[in-house]
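Take a look at the structure below.
2 protein chains.
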Amino acid sequence: MKFEIDTLGVIHSPYKEKFAIPRQPGLVRSATARLELLPPYNQADAVRGLEQFSHLWLSFVFHQTMEQGWHPTVRPPRLGGNERVGVFATRSTFRPNPLGLSVVPLLGITLEKGGVWLELGAVDLLDGTPVVDIKPYLPYADSLPHARGGFAPEPPRDLLSVRFHPEAEAALARRRDLPALRTFLSEVLAQDPRPAYKKGKPDDKEYGVRLYDMNVRFRIHEPECEITAIESL
Amino acid sequence: MKFEIDTLGVIHSPYKEKFAIPRQPGLVRSATARLELLPPYNQADAVRGLEQFSHLWLSFVFHQTMEQGWHPTVRPPRLGGNERVGVFATRSTFRPNPLGLSVVPLLGITLEKGGVWLELGAVDLLDGTPVVDIKPYLPYADSLPHARGGFAPEPPRDLLSVRFHPEAEAALARRRDLPALRTFLSEVLAQDPRPAYKKGKPDDKEYGVRLYDMNVRFRIHEPECEITAIESL
Numbered sequence: 001m002k003f004e005i006d007t008l009g010v011i012h013s014p015y016k017e018k019f020a021i022p023r024q025p026g027l028v029r030s031a032t033a034r035l036e037l038l039p040p041y042n043q044a045d046a047v048r049g050l051e052q053f054s055h056l057w058l059s060f061v062f063h064q065t066m067e068q069g070w071h072p073t074v075r076p077p078r079l080g081g082n083e084r085v086g087v088f089a090t091r092s093t094f095r096p097n098p099l100g101l102s103v104v105p106l107l108g109i110t111l112e113k114g115g116v117w118l119e120l121g122a123v124d125l126l127d128g129t130p131v132v133d134i135k136p137y138l139p140y141a142d143s144l145p146h147a148r149g150g151f152a153p154e155p156p157r158d159l160l161s162v163r164f165h166p167e168a169e170a171a172l173a174r175r176r177d178l179p180a181l182r183t184f185l186s187e188v189l190a191q192d193p194r195p196a197y198k199k200g201k202p203d204d205k206e207y208g209v210r211l212y213d214m215n216v217r218f219r220i221h222e223p224e225c226e227i228t229a230i231e232s233l
Numbered sequence: 001m002k003f004e005i006d007t008l009g010v011i012h013s014p015y016k017e018k019f020a021i022p023r024q025p026g027l028v029r030s031a032t033a034r035l036e037l038l039p040p041y042n043q044a045d046a047v048r049g050l051e052q053f054s055h056l057w058l059s060f061v062f063h064q065t066m067e068q069g070w071h072p073t074v075r076p077p078r079l080g081g082n083e084r085v086g087v088f089a090t091r092s093t094f095r096p097n098p099l100g101l102s103v104v105p106l107l108g109i110t111l112e113k114g115g116v117w118l119e120l121g122a123v124d125l126l127d128g129t130p131v132v133d134i135k136p137y138l139p140y141a142d143s144l145p146h147a148r149g150g151f152a153p154e155p156p157r158d159l160l161s162v163r164f165h166p167e168a169e170a171a172l173a174r175r176r177d178l179p180a181l182r183t184f185l186s187e188v189l190a191q192d193p194r195p196a197y198k199k200g201k202p203d204d205k206e207y208g209v210r211l212y213d214m215n216v217r218f219r220i221h222e223p224e225c226e227i228t229a230i231e232s233l
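Heads up: the protein sequence lines correspond to chains A and B, in order.
Take the first sequence: its position 99, counting from 1, is numbered 99 in the UniProt record's numbering, and each next residue is one higher.
Take the second sequence: its position 227, counting from 1, is numbered 227 in the UniProt record's numbering, and each next residue is one higher.
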């Protein structure tokens, strides 16, 4: 049996491509995002009382990878990318229904020109992600600190230390409109966004990732990441 | 933008009708349920490694109420049923996309005759519920014990004390196939499943609810509930 679901809202976030998005929403805390409700769901009534909750569940669609379909097994990066586990034992995007789930901090609600915007703390969502449900986080029902977390019992460790090349420092200084930019880039790149097969080996490649309206270039020599340049797009 | 999602599996639970279903999955702990994966998703591969996790997130469809559409505001039972809040500030079934979300204990995985069944602890799901996604519960990302829980900061209190009329006792004794039945019925009815407008007033009505293959009859004189009869259907 099939069901049709509609887009209720769309995410506006600094992540302009899938590469370098943290694997869970709480891992990069310095980026904020906005959820714009779309007509006919952009009614102040529909979010009345939501401000009483500190966190929300967002159900969303993996819109950029859904065309690729699903696989019964996937290789989670947490297992080094060379062990296969069942797709339902992971939060991989390559699932039968392209539904994602994230808990995000709710910082506020903005009503403007008939529009409704939810101001969100750190998200792990691509810019433009279609949101299909919003629910309050209920700590008495949803918080299970003693649940057994399988192959992902803790946040990823072995973070890289991030430094900025003088040219990147100069670019940072020019972006006074984004005061948390240094922290944000440091948190994103500390997680080592490279594919698992690249890790633990010499790597001279310069990578680039689109964040906000920038192309951020970097090189990784573990345990260090150097941001070599920040270019405007 | 609209998306089509497919049913991956179906719930087999004691709850044969919406009335008396607990409002969150952990509130009635004695009932177990099963999730049957449907072709082509009933592959042992697709759940490989899932047994390492103690809890799952199930995304499901509110199939019995979806025809009724959505309302921008609803009256949550937690507020006595006479205060309106936005639908997105609740887990009400009357939402734009009829998607539900429950965290449930995973007790085991059964592979039989090419079928895959997930053995679940307490659920709050109607028998026959279509499941559209299964994800592992990740305590490091999902457990936020200090989140602010709005108008539902704690589990519902003011539970009723439940007693069994001798006729109901006799029926219980005949159901040796369901050894946890007494506890299950006590937990379900202790929550006072009546509509909010009935509460706090004299109420002589006899109610009936279908649980398993039974019609369970009861009367409520707060703070007591008497199970008057348990009839086979």
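Glycine included, each C-beta is placed from N, C-alpha and C at the ideal position.
Bear in mind that the values here come from a model prediction, so they are computed numbers and not experimental data.
Residue i, DSSP secondary structure in three states
i         : result
A:Ser-186 : helix
A:Pro-77  : helix
A:Asp-213 : coil
A:Tyr-207 : strand
B:Leu-160 : coil
B:Trp-25  : Position check: residue 25 of chain B holds Pro in this sequence, whereas Trp was assumed. Of the three classes helix, strand and coil, the one that applies to B:Pro-25 here is helix, per DSSP.
A:Lys-198 : helix
B:Leu-181 : helix
B:Asp-45  : helix
A:Phe-218 : strand
B:Phe-62  : coil
A:Val-123 : coil
A:Phe-94  : coil
Chain-order list of residues whose beta-carbon lies under 8 angstroms from that of residue i (same chain, five-residue window excluded)
i         : result
B:Gly-115 : Glu-36, Leu-37, Asn-42
A:Pro-156 : Arg-23, Leu-27, Arg-78, Gln-191
A:Pro-76  : Glu-83, Val-85, Thr-90, Ser-92, Phe-151, Ala-152
Span of the beta strand (DSSP E), counted from its first residue to its last, around residue i
i         : result
B:Glu-119 : 115 to 120
A:Lys-18  : Element bounds for A:Lys-18: n/a, residue is neither H nor E.
A:Thr-110 : 99 to 112
B:Glu-154 : Counting along the chain, B:Glu-154 falls outside any beta strand (DSSP E), and DSSP gives it neither H nor E.
B:Trp-70  : Careful: B:Trp-70 lies outside any beta strand (DSSP E) and carries neither H nor E.
A:Asp-133 : 130 to 136
A:His-12  : 9 to 12
B:Glu-224 : 224 to 232
A:Phe-3   : 2 to 6
B:Ala-33  : 33 to 37
Terminal residues of the alpha helix (DSSP H) in which residue i lies
i         : result
B:Ala-169 : Reading the sequence as shown, one finds Glu at residue 169 of chain B and not Ala. It spans 166 to 174 - the alpha helix (DSSP H) in which B:Glu-169 sits, taken as one unbroken run.
B:Pro-139 : 139 to 142
Anticipated Cβ contact below 8 angstroms, residue i with residue j, distance rounded
i         : j         : result
B:Ala-89  : A:Phe-53  : 7 angstroms
B:Phe-60  : B:Val-104 : Between B:Val-104 and B:Phe-60 the Cβ distance is about 10 angstroms, and since that is not below 8 angstroms, they are no contact.
A:Ile-227 : A:Phe-184 : Between A:Phe-184 and A:Ile-227 the Cβ distance is about 11 angstroms, and since that is not below 8 angstroms, they are no contact.
A:Pro-139 : B:Ala-147 : 4 angstroms
B:Lys-2   : A:Ile-5   : 7 angstroms
B:Ile-109 : B:Ala-168 : In fact, because the Cβ distance is near 36 angstroms, the residues do not count as touching under 8 angstroms.
A:Trp-57  : B:Leu-101 : 6 angstroms
A:Pro-166 : B:Ala-46  : The Cβ separation is near 50 angstroms, so there is no contact.
Burial state of residue i, where buried means 16 or more other Cβ atoms lie within 10 Å
i                      : result
B:Arg-91               : buried
A:Asn-97               : buried
A:Ser-143              : buried
B:Gly-86               : buried
B:His-55               : buried
A:Pro-40               : exposed
B:Ala-173              : exposed
A:Leu-233              : exposed
B:Leu-50               : buried
A:Tyr-197              : exposed
B:Lys-201              : exposed
A:Lys-16               : buried
residue 235 of chain A : Residue coverage of chain A in this structure runs from 1 to 233, which leaves residue 235 of chain A outside it and unanswerable.
A:Gly-80               : exposed
B:Gly-128              : exposed
B:Ala-20               : buried
A:Pro-145              : exposed
Residue i: CB within 7 angstroms of a non-hydrogen atom of the ligand MN
i         : result
A:Glu-112 : Looking at this structure, you won't find the ligand MN or any other ligand, since it has none at all.
Nonlocal neighbours in the same chain, by C-beta distance under 6 angstroms from residue i, ignoring five residues either side
i         : result
A:Val-162 : Ser-186, Leu-189, Ala-190, Cys-225
B:Arg-175 : Leu-181
A:Tyr-212 : Pro-14
Own chain, CB closer than 7 angstroms to residue i, minus 5 neighbours either side, in chain order
i         : result
B:Ile-220 : Leu-160, Asp-192, Arg-194, Asp-203
B:Ala-33  : Ile-11, His-12, Ser-13, Leu-120, Val-123, Leu-125
A:Leu-111 : Ala-44
A:Arg-95  : Trp-70, Val-87
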